[in-house]
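Some notes on the structure that comes next.
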Amino acid sequence: ETGVTQSPTHLIKTRGQQVTLRCSSQSGHNTVSWYQQALGQGPQFIFQYYREEENGRGNFPPRFSGLQFPNYSSELNVNALELDDSALYLCASSPQFAGELFFGEGSRLTVL
Amino acid sequence: AQSVTQLGSHVSVSEGALVLLRCNYSSSVPPYLFWYVQYPNQGLQLLLKYTTGATLVKGINGFEAEFKKSETSFHLTKPSAHMSDAAEYFCAVRNSGGSNYKLTFGKGTLLTVNP
């Protein structure tokens, strides 16, 4: 059984640029959540997608957006990157919107 | 609103010693509580969880935690530390109800194990 996979693992962007991060959910999981983990902090909830629709959002501005595809994979898009967006972005899938979360290894974004 | 406080950003123990990582939560409704472990350059792995029922919860790798409602605590313990336990540990809370699976995490406790 393949777990949650994220790509890319590392990337460097400059202020003002846009970035897309990708996540393949675990087989049989229809819900994907995204978290931001800044250095030295716990993960913070960005949003969750359930059956291709946003199903809850944390305290993040609209320049953070997402998609979920029919195969339940997901993308996180961040526009107009700021220095404070530098973080580890974690994707987690679950078998239903209230099920246990299974995390990927994350995408580490550095904004210069 | 929910919140989690982990007391001690860094805990250091000797190999074979007791591990105690503290977590206090705030929640307006009955909580579900979790402990996750994060090894360097990796994602989060679930150690154990409390939802309902028995308040003493056993997890993987010999860890356990006890839900104490009166103290709003969910401390993580392990009787004897191994070198392989060195990692960052996160306590998290979510509402037992609600329509999404938002977890609120603490800031984490870095555990080092000395030989």
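Line by line, the protein sequences are chains A and B.
Counting in the numbering used here, the first sequence runs from 1 upward without gaps.
Counting in the numbering used here, the second sequence runs from 113 upward without gaps.
In this text, a Cβ means the ideal position worked out from N, Cα and C, and glycines have one as well.
- Query: In this structure, does DSSP put B/G174 in helix, strand or coil?
  - Reply: Walking along the second sequence from the start, residue 174 of chain B turns up at place 62. Three-state DSSP puts B/G174 in a helix.
- One or two residues paired with B/K161 in a DSSP bridge: Residue 161 of chain B sits at position 49 when you count from the first residue of the second sequence. DSSP output for B/K161 lists B/F146 as bridge partner(s).
- Message: Tell me the residue span of the beta strand (DSSP E) that contains B/V123.
- Response: Your numbering for residue 123 of chain B matches position 11 in the second sequence. Note, B/V123: beta strand (DSSP E), 122 to 126.
- Query: Nearest-angstrom Cα distance between B/G128 and A/P70?
  - Reply: Sequence index remark: in the second sequence, residue 128 of chain B carries index 16 (1-based). Sequence index remark: in the first sequence, residue 70 of chain A carries index 70 (1-based). Straight-line Cα distance between these residues: approximately 49 Å.
- Does the Cβ of A/A80 have 16 or more other Cβ atoms within 10 Å, making it buried, or fewer, making it exposed? In the first sequence, the residue the question calls residue 80 of chain A occupies position 80. Result: exposed.
- For A/S94, decide whether its Cβ has a neighbour in chain B, counting only Cβ atoms nearer than 8 Å. For this step, residue 94 of chain A is matched to residue 94 along the first sequence. Cβ-Cβ to chain B under 8 Å: yes for A/S94.
- Query: Near B/S192, which residues of its chain fall below 6 Å by C-beta distance, leaving aside the five closest residues on each side in sequence?
  - Reply: As a position in the second sequence, residue 192 of chain B is number 80, starting the count at 1. Contacts found: G128.
- Could you confirm whether any beta carbon from chain B is found closer than 8 Å to the beta carbon of A/T14? By 1-based counting over the first sequence, the position of residue 14 of chain A is 14. False, the Cβ-Cβ gap to chain B never drops below 8 Å.
- Task: Look at the Cβ atom of A/T31, then the Cβ atom of A/S94, and state whether they are nearer than 8 Å.
- Result: On the first sequence, position 31 is the one that residue 31 of chain A refers to. On the first sequence, position 94 is the one that residue 94 of chain A refers to. For A/T31 and A/S94, yes; Cβs fall inside 8 Å.
- Message: With the cut-off set at 8 Å, would you say B/V125 and B/V225 are in Cβ contact?
- Response: Stepping through the second sequence from its first residue, residue 125 of chain B is reached at position 13. Stepping through the second sequence from its first residue, residue 225 of chain B is reached at position 113. Contact flag set, yes.
- Item | Chain-ordered neighbours of A/E105 on chain B, where CB pairs are closer than 9 Å | Indexing the first sequence from 1 puts residue 105 of chain A at position 105. The answer, in chain order, is N153, Q154, G155.
- Could one say the Cβ of B/V202 lies closer than 8 Å to chain A's Cβ atoms, at least one of them? To locate residue 202 of chain B, count along the second sequence from 1; it is residue 90. A small fix is needed here, since residue 202 of chain B is Phe in this sequence, not Val. B/F202 counts as touching chain A.
- Is the beta carbon of B/T117 sitting closer than 8 Å to the one on B/G218? As a first step, residue 117 of chain B is located in the second sequence; it is residue number 5 there, counting from the start. As a first step, residue 218 of chain B is located in the second sequence; it is residue number 106 there, counting from the start. For B/T117 and B/G218, yes; Cβs fall inside 8 Å.
- Got a sec: is the Cβ-Cβ distance from B/L215 to anything in chain A below 8 Å? Taking the second sequence and counting its residues from 1, one reaches residue 215 of chain B at position 103. True, the Cβ-Cβ gap to chain A drops below 8 Å.
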